[in-house]
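Below you'll find the structure, written out as structure tokens, and then a few comments.
Protein chains in written order, with the numbering used here: chain A, 96 to 242; chain B, 150 to 284.
In structure tokens, the structure reads:
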């Protein structure tokens, strides 16, 4: 009877949250251009990007994936990470909630143009894939001596 | 057996569920979960990427299961965030448990950012099949 309120398709809270996200997209950021390859908020995996003068750090929040089966590629300044997380449901069990992402994913991240494609390092820890990408020398701030 | 779903619907596990980004940054993120039940108990799976075992806190307070975790990401000093889907470092989610669950025997494990919590049912309350008599 109450299953429609809290079933896998989403509780009242989930619907509220989705509405909030749609409102954010409609009103909050409408004036700022959206990246042509960006995904809506809440997509899997979540991504954070940090920048310092000598490198970029890209964090992909990818809990419970096999890091050996991740496909990471950089073409010029476009970083693409793809893979899959297939959650096999327990046939013997009754599910109340299935909120966790299952299936194939792909995320394309446009980086600044000064990234160097060699010397890229990737490591997977606690469900987070961290990709370190060095920046080319000339992009770093240089101290200019005054004579 | 009490109707688990009804209980959840009447008592939402996060009364202060984050509804906006501002409140999300303050009160933390609500991790996605799978919850399923078999004959011996309930299993909860939660995605907590970036949380190490040392920064995970799973506990039962009265009849509430509380899952909390802190994201730890090593950032160098000069690093500035240029894009962030994840704007909080705190995960939190609460679940109301019911009497037939054996809270003293809850087991939790964490692997690659996925938390597994196993909540056994008391032996005496395992489901009994009830025969329907026909005339």
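The beta-carbon is built from N, C-alpha and C at its ideal position, and this holds for glycine as well.
These numbers come from a predicted model, not from an experiment.
Under a criterion of Cβ atoms nearer than 7 Å, the residues of chain A adjacent to residue 233 of chain B are, in order, 143. Residue 206 of chain B counts as exposed, since fewer than 16 other beta carbons sit within 10 angstroms of its beta carbon. Under the three-state reduction of DSSP, residue 249 of chain B is assigned to coil, being neither helix nor strand. Close CB contacts of residue 258 of chain B within its chain, under the 8 Å cut and outside five residues either way in sequence, are with 264, 265 (chain order). Taking 8 Å as the cut-off, the Cβ atoms of residue 142 of chain A and residue 232 of chain B count as close.
The beta carbon of residue 181 of chain B falls within 8 Å of a beta carbon belonging to chain A, placing the residue at that interface. Chain-ordered, the chain B residues with CB closer than 9 Å to the CB of residue 185 of chain A read 185, 187, 192. DSSP, reduced to helix, strand and coil, places residue 201 of chain B outside both helices and strands of the structure shown, so it counts as coil. Distance from the CA atom of residue 220 of chain A to the CA atom of residue 181 of chain B, rounded to whole angstroms, is 19 Å. Residue 198 of chain B belongs to the set of residues whose beta carbon lies under 8 Å from a beta carbon in chain A. Chain-order list of chain B residues neighbouring residue 176 of chain A: empty, with the shortest C-beta distance near 13 Å, by a criterion of under 9 Å.
Residues of the segment 251-272 of chain B with a C-beta less than 7 Å from any C-beta of chain A: 261, 262, 263, listed in chain order.
Residue 218 of chain B and residue 196 of chain B have their C-alpha atoms spaced approximately 11 Å apart. Bounds of the beta strand (DSSP E) holding residue 201 of chain A are 198-205. The beta-bridge partner set that DSSP reports for residue 151 of chain A consists of A:146, A:228. Rounded to the nearest angstrom, the gap between the Cα atoms of residue 250 of chain B and residue 242 of chain B is 18 Å. The beta-carbon distance between residue 152 of chain A and residue 240 of chain A, rounded to whole angstroms, is 31 Å. This is too long to meet the 8 Å contact definition.
Chain-ordered, the chain B residues with CB closer than 7 Å to the CB of residue 193 of chain A read 183. For residue 189 of chain A, the enclosing beta strand (DSSP E) stretches over residues 189-193. Assigned with DSSP and collapsed to three states, residue 219 of chain B falls in strand.
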